[in-house]
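A.B. asks: Following this message is one structure expressed as structure tokens.
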Amino acid sequence: MSERLEKGLQVLRAEMDKKVMSYFSSCVRCGICAESCLFYTETNDPRYTPIYKTEPMRKLWKNEYSFWGKLKSALGISKPMTEADLADWEELVYDGCSMCGRCSMVCPVGVDITMVIFKVKHALAVAGFSPEGLVGATQRAVDIGSPMGITMKAVLATIKHTEANTGLKVPLDVEGADYLALLSSNEIALYPEYLESLVKIFDHAGVSWTLSSDAYEATNSGLQIGNKAIAGQLVQRVVDGAEKLKVKNVISPECGHAYTALRWEGPNFIGKAYPFRVVHILELLDELQAQGKLKTTGMETDRLTFHDPCSIVRRGGILAQPRNLLTPIAENFVEMTDHGSMNWCCGGGGGVSSNERAEGLKHTVFNRKKSQIEEIKVDAVVTACSNCRMVMEEGVEYNEMDMPMLGLTEMIAEHLAEKTH
Amino acid sequence: MIEYLIDGPLWYFSLAVFCIGVLLQLARILFGAGKTDLSVARGSASGGAWRNVFSRFIPHHEIAPKIRLQVVAGYMFHLGLFAVLFFAAPHVIFLEEHLLGFGWTSMPHWAFIVASQFAFFGLLILWLRRMLNSVSRLISTLDDHVAAILTFVVMLTGCLALLKGFTELRLLHRFTVELFLIYFPFSCLMHTFTFIPSRAFTGAWFGRRGIDA
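Protein sequence lines correspond, in order, to chains A and B.
Mapping to this note's numbering: the first sequence position 324 is 316, numbers consecutive.
Mapping to this note's numbering: the second sequence position 25 is 11, numbers consecutive.
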């Protein structure tokens, strides 16, 4: 047995818990999950059926945990897993799954297929079966601190521009602040207006906050590639930065997987609970609005819709907040046919957008979002995830559509009422 | 001799394999290894678990139109089989005399015919789909086919056993039931029980995150 196969199998064995055993004991291979997956619906390729992507895990369960597997093994007639059982699934798991979680919502026996796919991804990553693009991004995240290679110097330059554009001071390394704001690589490199919006909103609402020169990057390539050790290492940087500044809260930016990594998986990755609260920016804005600290004025007259980022809404539970925030500023808001927890993914989640090899497939599956948008004839799409926004902007460009993609936080910043304090 | 074997030792053996096998499989799941989630919950895990156990009986309306065949055939088969298993007159009498010591009102003959037709058609549709649909064909395993065939044979011999003059047919039905009981704990037929913890685990996960799944 090769070393990489052994590594992969070790991970799969370690991930074989009671949930997985109940899932594989329950799955009757009905194939209903296929209809929920945009990689299947847009390609009609049965290999993209979500449960099929968990096949390496199922094979291990069958071989080593089921009665028949054990019997075959005892009789010496079992068919051991080979490197191909892992290698052949790399493309399916990394290119053909955005970890959107839609399949987990529809399985009649309740299998959390997305969770099992992540476990397979973890095994593939440890065994060295991951796409080059993601490996490079992860390496940069470990070595430099950001998957896009963004250093603190670039953040300082963004801060400088932000201060010049807003006339407001961006607090950096302020000990004892209530909130530590994090940024995703995209928000530093592609959407610097996000930081400008934060500065304006927090000034308006009187929020005590800071950025950290030790922990500015929220993007977690470890989660995207599926390597829990690296994911934990990246989360630990944020925890260390937050503890150093003694903040009470850490704000996850408009980035879906960053929110998952920080809010939900982070404590499990590092093996301990946080001494601070993690809050998504939309949750915080919603809280500020409910407390009367965030007041807006004026309404957008364009026909707008909201794209629910999978990791924030379906897998993160932040469903009402974006609607609460949009309602006071969008007079012509419409929902897509499938919205909320059953919204369709942009096609670039789960590291697909960082995987150059998946470029063609990503454009193919964007057809679902395209038809969703075209169906309701909107003027613009609002979202709250920089990755979704970037992927949809690419999709719009690729399809020669005229459809602006807007960030929700920025939209709120544009509608801030006059300060009263 | 064969009659003695099927009505006696093999029956008790298959029943024991079924009961012990199912209990052991469930114990492996319920008391198996699992990690405590260290993140701060937003909602109730137990609430989510209970909700999910029941809510998954109804497909999400966003996807329902695309899976109508599986849903209708699935309900036809499962409800038909449940009705026949627990309310067909011979079964009620058998359960009272050989297992439970008490009985209940059985369904009339016409209802038995309807229920068994539902079960037969439902199973046939699901099985045909399994073989004809490219997705189902790809993901199906030998176990799925064996389980479907075994269930079909048990139902078929059950109908034949209604011809009361033929002891051989009753024995044949009982023998296939015994095979079914022995195969059950080691196959996908276990989903009869494991769907509950499966839904509950996932529901708890969603519940902690405040997601209505």
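Beta carbons are placed, not taken as given, at the ideal position from N, Cα and C, and that holds for glycine.
Straight-line CA distance for LEU311/A to MET93/B?
C.D. replies: Walking along the first sequence from the start, residue 311/A turns up at place 319. Walking along the second sequence from the start, residue 93/B turns up at place 107. Spanning the two alpha carbons is a distance of roughly 47 Å.
A.B. asks: In whole angstroms, what is the alpha-carbon distance linking GLU246/A and CYS377/A?
C.D. replies: Translated into positions along the first sequence, residue 246/A becomes position 254. Translated into positions along the first sequence, residue 377/A becomes position 385. Roughly 4 Å between the two C-alpha positions.
A.B. asks: Report the three-state DSSP secondary structure of GLY399/A (helix, strand or coil).
C.D. replies: As a first step, residue 399/A must be located in the first sequence, where it is residue number 407. Three-state DSSP puts GLY399/A in a strand.
A.B. asks: Taking PHE104/B and MET141/B to be in contact with their CB atoms under 8 Å, please state how far apart those CB atoms are, rounded to whole angstroms.
C.D. replies: Numbered from 1 along the second sequence, position 118 holds the residue referred to as residue 104/B. Numbered from 1 along the second sequence, position 155 holds the residue referred to as residue 141/B. No, PHE104/B and MET141/B are not in contact; Cβ-Cβ is about 11 Å, not under 8 Å.
A.B. asks: State buried or exposed for ARG5/A, treating a residue as buried only when at least 16 other CB atoms are found within 10 Å of its CB.
C.D. replies: Working through the first sequence from its first residue, we reach residue 5/A at position 13. The residue in question, ARG5/A, is exposed, as its Cβ has fewer than 16 Cβ neighbours within 10 Å.
A.B. asks: The alpha helix (DSSP H) with VAL147/A in it runs from where to where?
C.D. replies: Numbered from 1 along the first sequence, position 155 holds the residue referred to as residue 147/A. Here the alpha helix (DSSP H) through VAL147/A covers 144 to 158.
A.B. asks: With a Cβ-Cβ cutoff of 9 Å, do GLU27/A and ILE44/B count as a contact?
C.D. replies: In the first sequence, counting from the first residue as 1, residue 27/A sits at position 35. In the second sequence, counting from the first residue as 1, residue 44/B sits at position 58. No, the pair does not count as a contact, with Cβ atoms beyond the cut-off.
A.B. asks: For ARG269/A, which beta-bridge partners are listed by DSSP?
C.D. replies: As a working note, residue 269/A is residue 277 in the first sequence. Note: ARG269/A sits in a beta bridge opposite ASN241/A.
A.B. asks: Hey, how far is the Cα of PRO320/A from the Cα of THR288/A?
C.D. replies: Indexing the first sequence from 1 puts residue 320/A at position 328. Indexing the first sequence from 1 puts residue 288/A at position 296. The alpha-carbon atoms of PRO320/A and THR288/A are separated by roughly 7 Å.
A.B. asks: Quick one: is the Cβ of PHE68/B within less than 8 Å of any heavy atom of the ligand FAD?
C.D. replies: As presented, the structure is devoid of all ligands, the ligand FAD included, so that no description of it is given.
A.B. asks: Does the segment -2 to 15 of chain A touch the segment 47 to 57 of chain A, meaning 3 or more C-beta pairs lie closer than 8 Å?
C.D. replies: In short, these stretches touch, since the Cβ pair count reaches three.
A.B. asks: Under 9 Å, Cβ to Cβ, is there at least one residue of chain A near VAL121/B?
C.D. replies: For the purposes of this step, residue 121/B is identified with residue 135 of the second sequence, where counting begins at 1. Chain A, which has a Cβ nearer than 9 Å to the Cβ of VAL121/B, makes this yes.
A.B. asks: Please classify LEU148/B: does DSSP put it in a helix, a strand, or coil?
C.D. replies: On the second sequence, position 162 is the one that residue 148/B refers to. Of the three classes helix, strand and coil, the one that applies to LEU148/B here is coil, per DSSP.
A.B. asks: Looking at the secondary structure, which residues open and close the beta strand (DSSP E) in which HIS299/A lies?
C.D. replies: Start at 1 with the first residue of the first sequence, and residue 299/A comes out as number 307. 296 to 299 is the span of the beta strand (DSSP E), which, as asked, contains HIS299/A.
A.B. asks: In three-state DSSP terms, what is PHE98/B?
C.D. replies: Walking along the second sequence from the start, residue 98/B turns up at place 112. Residue state, collapsed to three classes: helix.
A.B. asks: So, at 8 Å on beta carbons, what are the nonlocal neighbours of ARG28/B in its own chain, with the 5 sequence-adjacent residues on each side left out?
C.D. replies: Within the second sequence, numbered from 1, the residue matching residue 28/B stands at position 42. Cβ neighbours of ARG28/B beyond the five flanking positions: ARG194, ARG195, GLY196.
A.B. asks: Mapping DSSP to helix, strand and coil, what is TYR171/A?
C.D. replies: Position 179 of the first sequence, counting from 1, holds the residue named residue 171/A. TYR171/A falls in the strand class under three-state DSSP.
A.B. asks: Find the residues of chain B that neighbour ALA314/A, judging by a C-beta separation of less than 9 Å, and give them in chain order.
C.D. replies: Working through the first sequence from its first residue, we reach residue 314/A at position 322. In the sequence on display, residue 314/A carries Pro and not Ala. None at all; the shortest Cβ gap to chain B is about 14 Å.
A.B. asks: Compute the distance between the beta-carbons of LEU226/A and SER205/A, then report whether it is under 9 Å.
C.D. replies: On the first sequence, position 234 is the one that residue 226/A refers to. On the first sequence, position 213 is the one that residue 205/A refers to. No.
A.B. asks: Are the beta-carbon atoms belonging to VAL414/A and ASN316/A less than 9 Å from one another?
C.D. replies: Past the edges of chain A, shown from -7 to 413, lies residue 414/A, and the structure says nothing about it.
A.B. asks: Looking at chain B, is there any beta carbon in it that lies within less than 9 Å of the beta carbon of GLY309/A?
C.D. replies: As a working note, residue 309/A is residue 317 in the first sequence. Yes - at least one Cβ of chain B is within 9 Å of the one on GLY309/A.
A.B. asks: Report, in whole angstroms, the separation of the C-beta atoms of MET403/A and MET384/A, which I expect to be a contact under 8 Å.
C.D. replies: Indexing the first sequence from 1 puts residue 403/A at position 411. Indexing the first sequence from 1 puts residue 384/A at position 392. The pair is not a contact, with the Cβ atoms about 15 Å apart (cut-off 8 Å).
A.B. asks: Using DSSP with H/G/I as helix, E/B as strand and the rest coil, what is GLU292/A?
C.D. replies: The residue given as residue 292/A occupies position 300 in the first sequence. Here GLU292/A sits in strand by DSSP.
A.B. asks: Ordered along the chain, which non-local residues of its own chain (more than five positions away) have a Cβ less than 8 Å from that of SER32/B?
C.D. replies: In the second sequence, the residue the question calls residue 32/B occupies position 46. Around SER32/B: ALA190, GLY193.
A.B. asks: Using a Cβ-Cβ distance cut-off of 9 Å, determine whether GLY108/B contacts chain A.
C.D. replies: For this step, residue 108/B is matched to residue 122 along the second sequence. No, its Cβ sits nowhere closer than 9 Å to a Cβ of chain A.
A.B. asks: Note down, in chain order, all residues in the segment 32 to 66 of chain B with a beta-carbon under 9 Å from any beta-carbon belonging to chain A.
C.D. replies: For the segment 32 to 66 of chain B, which is checked against every Cβ of chain A, the residues closer than 9 Å are ASN38, VAL39, ARG42, PHE43, PRO45, HIS46, HIS47, GLU48, ILE49, LYS52, ILE53, GLN56, VAL57, GLY60.
A.B. asks: With 9 Å set as the bound, which would you pick, yes or no: does the beta-carbon of TYR171/A sit closer than that to a beta-carbon of chain B?
C.D. replies: Counted from its first residue, the first sequence places residue 171/A at position 179. Not one chain B Cβ lies under 9 Å of TYR171/A.
A.B. asks: Among all the DSSP beta bridges, which residues are the ones paired with TRP113/B?
C.D. replies: Along the second sequence, one-based indexing puts residue 113/B at 127. Paired residues: none, contrary to the question.
A.B. asks: Counting only beta-carbon separations shorter than 9 Å, does ILE168/B have a partner in chain A?
C.D. replies: Residue 168/B sits at position 182 when you count from the first residue of the second sequence. Closer than 9 Å: no.
A.B. asks: Let's test the definition: count the other Cβ atoms within 10 Å of the Cβ of TRP96/B and tell me whether it reaches 16, buried, or not, exposed.
C.D. replies: Taking the second sequence and counting its residues from 1, the one referred to as residue 96/B is at position 110. By the 10 Å Cβ count, TRP96/B comes out exposed.
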